[in-house]
Amino acid sequence: MASGPPDSIRYKRSRFSTRLPAERLYTGSHFWIAFQGPDLWRVGFTKFATRMLGELVEYGFEVKSGDPVQVGQVIGWIEGFKALSDLYCVVEGHFQGGNPDVENNIALIHTDPYGKGWLYLVKGTPEANSVDVRGYVEILDRTIDKIQGQH
Numbered sequence: 298m299a300s301g302p303p304d305s306i307r308y309k310r311s312r313f314s315t316r317l318p319a320e321r322l323y324t325g326s327h328f329w330i331a332f333q334g335p336d337l338w339r340v341g342f343t344k345f346a347t348r349m350l351g352e353l354v355e356y357g358f359e360v361k362s363g364d365p366v367q368v369g370q371v372i373g374w375i376e377g378f379k380a381l382s383d384l385y386c387v388v389e390g391h392f393q394g395g396n397p398d399v400e401n402n403i404a405l406i407h408t409d410p411y412g413k414g415w416l417y418l419v420k421g422t423p424e425a426n427s428v429d430v431r432g433y434v435e436i437l438d439r440t441i442d443k444i445q446g447q448h
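As C-alpha cells, then:
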C-alpha cells in the first residue's frame, strides 16, 4: 500500500485498487461517512461496495426527510446487476434526504462514489465502531483475504 496525496490513501490488493479519502470515517459494511457541518454527515458507498454490487439499476428510501433513524436500521434498498441489497443507516439521528444528483443519474454511485455519488445525509452521530482510513484498510485486507480463501 503506497500513500498518495496527503488527503487520500492509495490502496491496492489482489485485483482491487482505489484511493480512500483520508478525512472520512468508514464502516465494516463498506460505507464512508463525511462530516458536513455541525452534526451533519454525508454517507456513501466505498468503491469496494460498488464493485461488489456491480452496475446499479435503481434504489430507493423507505424513510423520509426528518424521520428518526438508528444505526443498523434498513432505510432503503439498492439493486445492481450482481445483487439486491438493503441500505443501512450508519448514523443515528434524523434522516435529511437522499442525493438529488443520484436520483437523476444512479451511475454516479459507481463512477464517483467519494464525490457526487454520495447516498444520503443524516443529522446526528456516526456509528460507534466506525474507523479512520487506516482502520478501513485493515477491514479491506481481511475482507479480500476471506474472499480469496473461498476460491
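Here our numbering is used: the first residue of the sequence shown is 298, the next is one more, and so on. In this text, a Cβ means the ideal position worked out from N, Cα and C, and glycines have one as well.
Query raised in the report: With distances taken between CB atoms, is the gap from P410 to T343 smaller than 8 Å?
Result: yes
Requested in this report: Return the chain-ordered ranges of every beta strand (DSSP E) run that is complete within the stretch 358–419 and spans a minimum of 3 residues.
Outcome: 371–377, 381–385, 388–395
Query raised in the report: How close, in whole Å, do the beta carbons of R316 and L437 come, if the pair is a contact with beta carbons under 8 Å?
Result: The pair is not a contact, with the Cβ atoms about 13 Å apart (cut-off 8 Å).
Query raised in the report: For A346, which residues from the same chain have a beta carbon less than 6 Å from its beta carbon, with the 5 sequence-adjacent residues on both sides left out?
Result: Non-local beta-carbon contacts of A346 in its own chain, meaning distances under 6 Å to residues more than five positions away in sequence, involve H327 in chain order.
Query - Any 3 or more C-beta pairs closer than 8 Å across the stretch 429–443 and the stretch 380–393 - result: no
Query raised in the report: Taking C-alpha atoms, which residue in A425, P318, S362, G432 lies nearest to G369?
Result: A425
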